Amino acid sequence: MEPPAVVLHPRGALDLSTSPALRVEWYGLIAQEAPDPLVVDMNEVTFLGSHGLSLLAGAARRQREGGRRLAVRNASPWILHLMTVSGVITAVEVWPAQC
């Protein structure tokens, strides 16, 4: 039986002030539940800083090491741009809003 998909709904800024707590939460979830895919719904993310990009990259790496996927959905064009120029976009699946 395959593990179920899990959807995370971060809100506000993903930056230096929020990333440490989210890192503990997300990495713990990955280690304990092994979701496939792990979906990050970016609909309510208002800012994505370098620490948020690092969080996404690290979560994607942990998922990939377990043979699982990390997907991002509902990302704004600006967030997708930041993910592209940083290279994080290559580590995740990008899903349209309706998925």
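The numbering used here runs 36 ahead of the 1-based position in the sequence shown. For every residue, glycine included, the Cβ atom is placed at its ideal position computed from N, Cα and C. Here the structure is a predicted model, which is why all the values come from computation and not from measurement.
Runs of alpha helix (DSSP H) wholly within the stretch 39-77 (minimum 4 residues, chain order) | If only complete runs of 4 or more residues are kept, the stretch 39-77 shows the alpha helix (DSSP H) at 55-69, in order along the chain.
Could you name the residues that DSSP lists as bridge partners for V128?
-> In DSSP, V128 forms no bridge with anything.
For the alpha helix (DSSP H) containing R100, list its first residue and its last residue.
-> Taken as a continuous stretch (DSSP letters only), the alpha helix (DSSP H) holding R100 covers 86-101.
Between the Cα of L116 and the Cα atoms of E69, V76, G102, which residue gives the shortest distance?
-> V76
Cβ-Cβ distance between R98 and I66 below 7 Å | yes
Sort out for me which residues DSSP pairs R109 with in a bridge.
-> D77, W131
Contact set for A111: own chain, Cβ-Cβ below 6 Å, skip 5 residues either direction = M78
Could you work out which residue in M119, Q68, S55 is closest to V42 when comparing CA atoms only?
-> Q68
Using a Cβ-Cβ cut-off of 6 Å (strictly less than) and excluding sequence neighbours within five positions of G48, which residues of its own chain qualify?
-> Within the same chain, G48 has close Cβ partners T82.
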